[in-house]
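Peer 1: Numbering follows the UniProt record's numbering, in which position 73 of the sequence shown is assigned residue number 73; successive positions increment by one, without gaps. Quick reminder that beta carbons are idealized off the backbone N, C-alpha and C, glycines included.
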Amino acid sequence: MVNYKNLAKSILDEVGGPENISNMTHCATRLRLTLKDDKKANDENIKQLDGVANVVNKAGQYQILIGTEVPKLYDEFEELVNNNGQV
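In structure tokens, the structure reads:
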């Protein structure tokens, strides 16, 4: 079972921290981020995280494919971003 709090923290670290996120949302299966500098994101490290199926960077959105459990991850991720990355 995936620990979404740990996954959210790992993703946040690998995309450059809360200061690199200008917008965030999710759809049915993906965490969708607008990054200020997408070069700070480490695609390969994110793809290796338990619970991440793939990473797509297109149309100005950095998309992390999680699956139908993405709302659970999003809640943890949003809390971290709003708390400036503090667990």
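Opposite Lys-72 in the DSSP bridges: which residues?
Peer 2: If you number the sequence shown from 1, residue 72 lands on position 72. Per DSSP, none; premise fails for Lys-72.
Peer 1: Residue 103 to Val-81, Cα distance in whole Å?
Peer 2: Any question about residue 103 goes unanswered here, given that the chain covers just 1 to 87.
Peer 1: Within its chain, find whatever has a CB closer than 6 Å to the CB of Phe-77; leave out the 5 residues flanking it on each side and keep chain order.
Peer 2: The residue given as residue 77 occupies position 77 in the sequence shown. For Phe-77, where only same-chain residues beyond five positions count, the Cβ hits under 6 Å are Ala-8.
Peer 1: On the DSSP bridge assignment, give the partners of Tyr-62 in chain order.
Peer 2: As a position in the sequence shown, residue 62 is number 62, starting the count at 1. Paired residue(s): Leu-33 and Asn-57.
Peer 1: For the putative contact between Asn-23 and Thr-34, defined by C-beta atoms under 8 Å, what is the C-beta separation to the nearest angstrom?
Peer 2: Counting from 1 along the sequence shown, the entry for residue 23 is found at position 23. Counting from 1 along the sequence shown, the entry for residue 34 is found at position 34. The pair is a contact, with the Cβ atoms about 4 Å apart (cut-off 8 Å).
Peer 1: Asp-13 to Lys-36, Cα distance in whole Å?
Peer 2: As a working mapping, residue 13 is identified with position 13 in the sequence shown. As a working mapping, residue 36 is identified with position 36 in the sequence shown. If I take the Cα positions, the gap works out to 14 Å.
Peer 1: Helix, strand or coil, according to DSSP, for residue 117 in the structure here?
Peer 2: Outside the displayed span of the chain (1 to 87) sits residue 117, for which this structure offers no information.
Peer 1: Have a look at Ile-21 and Val-15 and give me their C-alpha separation to the nearest angstrom.
Peer 2: Here residue 21 corresponds to residue number 21 of the sequence shown, with the count starting at 1. Here residue 15 corresponds to residue number 15 of the sequence shown, with the count starting at 1. Rounded to the nearest angstrom, the two C-alpha atoms are 8 Å apart.
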